[in-house]
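Remarks on the structure that follows.
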Amino acid sequence: MGKKGVLLVNLGTPDSAATPDVRKYLNEFLMDGRVIDISPVSRAILVRGIIVPFRAPKSAKLYREIWSDETGSPLLHYSLMQQRLLQQRLGDEYMVELAMRYQSPSIESALERLKNALVSEIKVIALFPQYASASTGSVYEKVMKLVSQWLTIPNISFTNSFHDNALMIEAFAQNAQKHQPQTYDHILFSFHGLPQRQMVKSDHTHNHCLKSANCCQTLTDANKFCYSAQSYDTARLIAAKMGIGKDQYTVCFQSRLGNDPWVQPYTSQVIADMAAQGKKRLLVFCPAFVADCLETVYEVSVEYHEEFKAKGGEHVQLVESLNDNPLFIDALEEMVKG
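To convert, note that position 234 of the sequence shown is 1219 in the numbering used here; the numbers rise steadily by one, no gaps.
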């Protein structure tokens, strides 16, 4: 019956840390209508006329800080490791391909390889634990658009989210143990941010999102597909796995872009508040990322660390992402076979 296909998709990374490649990446990323959800004309003016010309040189400088001469982008490096390890785990009955939503390797090329291999079915896993239209939704829209042009379409299935996958939760908790969590004053679960308007648009009830201060802190039928609610649930499960009480951790959101309100509280503000309270050592999880990248190894380990020290704190310690943790490969295998 042929091999079964698996398509792993992460967000993407520039082909190099050079400004032209970063500009190309940002243009593709930010022109996605699910990422900046405004009219196409307004988006083009904003992205190509304002954001990218100013942001590309600055982002390129940051990428150069984390780029390796041997392995290049950490996101691509660890994603390729995950692909290879999962392929080894699944064996010859499966064909595992990796793609990036933006830039290389492309979703189109990965799907073509699966099609040419005559796979009997395709399991698509967007490597974002929590569902968001701007990440998981964009990946699946792209996959469906491409596959819709095939004359023969195999069985295709998608993993909506895996924010509560027990093996993933255990992997994050395991990664934290090497840092002796009990020696820190407070723990942050810092997730990638999203504009509040995207959260409101995702509320199919039209009567839940942002209607109360605690609308995201408990997962219910009304918010089960909500990125923020799934984030709070992930943090709760990791904390429970580690025996961390509610007063010992804070959920927050990073990487804000623009002036519109985003999901709150903002990580930078929480860090400032922690310093004002006399906290000296913070341990930071980034459970929206399964592979270390600019947002973890630089934004948290460098920028937030420097901000915290400037306000009187001593140390911000990043809990490494899942990367090549065998438990995460177990989780991926479970998703493929489940």
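Backbone N, C-alpha and C define an ideal beta-carbon position, used for all residues, glycine too.
**OP:** Examine chain D for any beta-carbon lying closer than 8 Å to the beta-carbon of Cys1237, and answer yes or no.
**Re:** Among the chains of the structure shown, chain D does not appear; only one protein chain is present.
Original post:
From Ala1158 to Ile1110, what distance separates their C-alpha atoms?
Top reply: 22 Å
**OP:** Determine the direct distance from the alpha carbon of Leu1195 to that of Ser1213, and round the result to whole angstroms.
**Re:** 11 Å
Original post:
Tell me which same chain residues have a C-beta within less than 8 Å of the C-beta of Gly1018, skipping the five on either side of it?
Top reply: Pro1025 and Arg1028
Original post:
Could you give the uninterrupted runs of the alpha helix (DSSP H) lying entirely in the region 1121-1190, keeping only those of 4 residues or more?
Top reply: 1123-1132, 1151-1162 and 1181-1186
**OP:** Could you check which residue in Arg1098, His1177, Glu1082 and Ser1240 has the C-alpha nearest to that of Pro1114?
**Re:** His1177
**OP:** Indicate the three-state DSSP secondary structure (helix, strand or coil) for Tyr1234 in the structure shown.
**Re:** strand
Original post:
Which same chain residues, not among the five before or five after Leu1152, have their C-beta less than 8 Å away from its C-beta?
Top reply: Leu1312, Phe1313, Asp1315, Ala1316 and Glu1319
**OP:** Could you work out which residue in Phe1210, Gly1034, Val1275 and Phe1174 is closest to Leu1011 when comparing CA atoms only?
**Re:** Of Phe1210, Gly1034, Val1275 and Phe1174, the residue nearest in Cα terms is Gly1034.
Subject >> Rounded separation between Pro1005 and Ser1058 - CA only >> reply: Distance between the alpha carbons of Pro1005 and Ser1058: 16 Å.
Original post:
Rounded to the nearest angstrom, how far is the Cβ of Leu1173 from that of Thr1252, given a contact under 8 Å?
Top reply: 7 Å
Subject >> Buried versus exposed, by CB contacts within 10 Å (16 or more), Asp1077 >> reply: When all chains shown are included, Asp1077 counts as exposed.
Subject >> Which of helix, strand or coil DSSP assigns to Asn1012 >> reply: helix
Original post:
By a C-beta neighbour count over all protein chains shown, 10 Å radius and 16 as the cutoff for buried, is Asp1324 buried or exposed?
Top reply: Here the chain comprises residues numbered 986 to 1323, so residue 1324 is not present and cannot be evaluated.
**OP:** Taking the CB atoms as reference points, tell me whether Ser1175 and Cys1237 lie closer together than 8 Å.
**Re:** Taking a C-beta distance under 8 Å as the contact criterion, Ser1175 and Cys1237 qualify as a contact pair.
**OP:** Between the Cα of Ala1188 and those of Gln1254, Gly997 and Phe1210, spot the shortest distance and give me the residue it belongs to.
**Re:** It is Asp, not Ala, that sits at residue 1188 in the sequence shown. Among Gln1254, Gly997 and Phe1210, the Cα nearest to that of Asp1188 belongs to Phe1210.
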